[in-house]
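Residue numbers (the working numbering): 4 to 273.
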């Protein structure tokens with residue numbers, strides 16, 4: 004019997020990220036989901052226009068309703084303030100917890116203040132099975148842990164693991180390699196593992212949401228952590244490949260970011 008995944012996060016009105024992308028990932032894995040909305044956001048593909056957090060009482064009611072069922076895993080995304088963080092921390096079930104620390108949007112909007120981040124580190128991080136920061140998010144978490152610009156990311160990783168976080172998957176989409184993107188998995192007392200994939204010449208929104216939710220779905224299905232990560236990354240790579248194929252079909256020049264000169268091919272809308 005499969006168990007649903009509880010998705011806690013923000014509703015993105017553009018449909019490109021947040022709970023909309025989380026739901027797609029869980030459904031693609033063949034599971035159902037229960038959702039708890041932390042905030043309703045007004046977004047386009049380019050910017051965040053407004054964020055409206057729900058009340059602590061509303062968030063608590065959503066989580067408690069979801070927990071009336073046998074939840075298999077929890078994925079946590081956007082958290083907006085300390086009161087909501089406390090509500091979640093008080094109600095986390097004893098199942099795999101995947102935390103995607105969405106500190107700011109891809110367009111640069113900050114969802115959390117420094118005190119909020121410290122509250123996440125204190126209350127939620129010790130319960131986390133997999134933390135999935137990208138490199139900029141890891142740097143922000145690093146500074147929240149210790150206000151020292153010389154404090155290396157690896158020091159923060161070791162500190163987070165010492166706090167009780169079971170594993171940290173640092174996403175490599177922001178690294179500097181021109182041809183490959185490498186995700187790095189850190190675990191206490193175990194070898195560091197590297198997961199590489201080709202780097203595409205375009206970006207897609209919601210890949211971090213998709214990765215974390217896919218890992219949550221696989222863990223809910225009983226897969227090991229390494230298998231869950233591998234399955235989730237395959238889903239991301241397939242999505243990029245489909246988008247690349249679509250762009251080539253439409254005559255989109257991936258290098259020059261302009262349409263094909265072939266008049267028989269339509270220029271895609273940007």
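Ideal Cβ placement from N, Cα and C applies to all residues, glycine included.
(message) Considering only DSSP beta bridges, list what residue 186 is partnered with.
(response) In the chain shown, counting from the first residue as 1, residue 186 sits at position 183. Note: residue 186 sits in a beta bridge opposite 198.
(request) For the beta strand (DSSP E) holding residue 11, just list the boundary residues, first then last. (result) Mapped onto the chain shown, residue 11 falls at position 8. Run containing residue 11: 8 to 15, per the beta strand (DSSP E) assignment.
(request) Report, in whole angstroms, the separation of the C-beta atoms of residue 7 and residue 50, which I expect to be a contact under 8 Å. (result) In the chain shown, the residue the question calls residue 7 occupies position 4. In the chain shown, the residue the question calls residue 50 occupies position 47. In fact, because the Cβ distance is near 33 Å, the residues do not count as touching under 8 Å.
(message) What does the alpha-carbon distance come out to for the pair residue 23 and residue 157?
(response) Along the chain shown, read from residue 1 onward, the residue named residue 23 stands at position 20. Along the chain shown, read from residue 1 onward, the residue named residue 157 stands at position 154. Those two C-alpha atoms are separated by around 32 Å.
(request) Using the Cα positions of residue 192 and residue 52, report the straight-line distance between them to the nearest angstrom. (result) Here residue 192 refers to the residue found at position 189 when the chain shown is read from its first residue. Here residue 52 refers to the residue found at position 49 when the chain shown is read from its first residue. Taking the straight line from one Cα to the other gives about 44 Å.
(request) Use the C-beta contact count for residue 260: other C-beta atoms within 10 angstroms, 16 or more gives buried, fewer gives exposed. (result) Mapped onto the chain shown, residue 260 falls at position 257. Only weak support exists for where residue 260 lies, its pLDDT of 48 falling under 50; the coordinates are left without a value.
(message) Quick check: what's the CA-CA separation for residue 184 versus residue 107?
(response) Translated into the one-based positions of the chain shown, residue 184 becomes position 181. Translated into the one-based positions of the chain shown, residue 107 becomes position 104. Cα-Cα distance, rounded: 21 Å.
(request) Could you pull out every residue in the same chain whose Cβ sits closer than 6 Å to the Cβ of residue 90, ignoring the five residues on either side in sequence? (result) For the purposes of this step, residue 90 is identified with residue 87 of the chain shown, where counting begins at 1. These residues qualify, in order along the chain: 59, 62, 63.
(request) Can you give me the Cβ contacts of residue 46 inside the same chain, cut-off strictly under 7 Å, excluding the 5 residues immediately before and after it? (result) Here residue 46 is taken as the residue at index 43 of the chain shown, counted from 1. 15, 16, 17, 52.
(request) Could you check what DSSP says for residue 245 in three-state terms: helix, strand or coil? (result) Numbered from its first residue, the chain shown carries residue 245 at position 242. It is helical.
(message) Just to check my reading of the structure: residue 173 and residue 141 have Cβ atoms closer than 8 Å, yes? What is that Cβ distance to the nearest angstrom?
(response) Taking the first residue of the chain shown as 1, we reach residue 173 at position 170. Taking the first residue of the chain shown as 1, we reach residue 141 at position 138. Yes, they are in contact, since the Cβ atoms of residue 173 and residue 141 sit about 6 Å apart, within 8 Å.
(request) Determine the direct distance from the alpha carbon of residue 67 to that of residue 182, and round the result to whole angstroms. (result) Numbered from its first residue, the chain shown carries residue 182 at position 179. Numbered from its first residue, the chain shown carries residue 67 at position 64. Approximately 45 Å between the Cα atoms of the pair.
(message) For residue 20, report the span of its beta strand (DSSP E) as first-last.
(response) For this step, residue 20 is matched to residue 17 along the chain shown. Looking at the DSSP string, residue 20 is not in any beta strand (DSSP E), and its letter there is neither H nor E.
(message) Taking only three categories from DSSP, how would you classify residue 38?
(response) If you number the chain shown from 1, residue 38 lands on position 35. It is a strand residue.
(message) Measuring straight from C-alpha to C-alpha, what distance separates residue 21 and residue 39?
(response) Position 18 of the chain shown, counting from 1, holds the residue named residue 21. Position 36 of the chain shown, counting from 1, holds the residue named residue 39. The alpha-carbon atoms of residue 21 and residue 39 are separated by roughly 12 Å.
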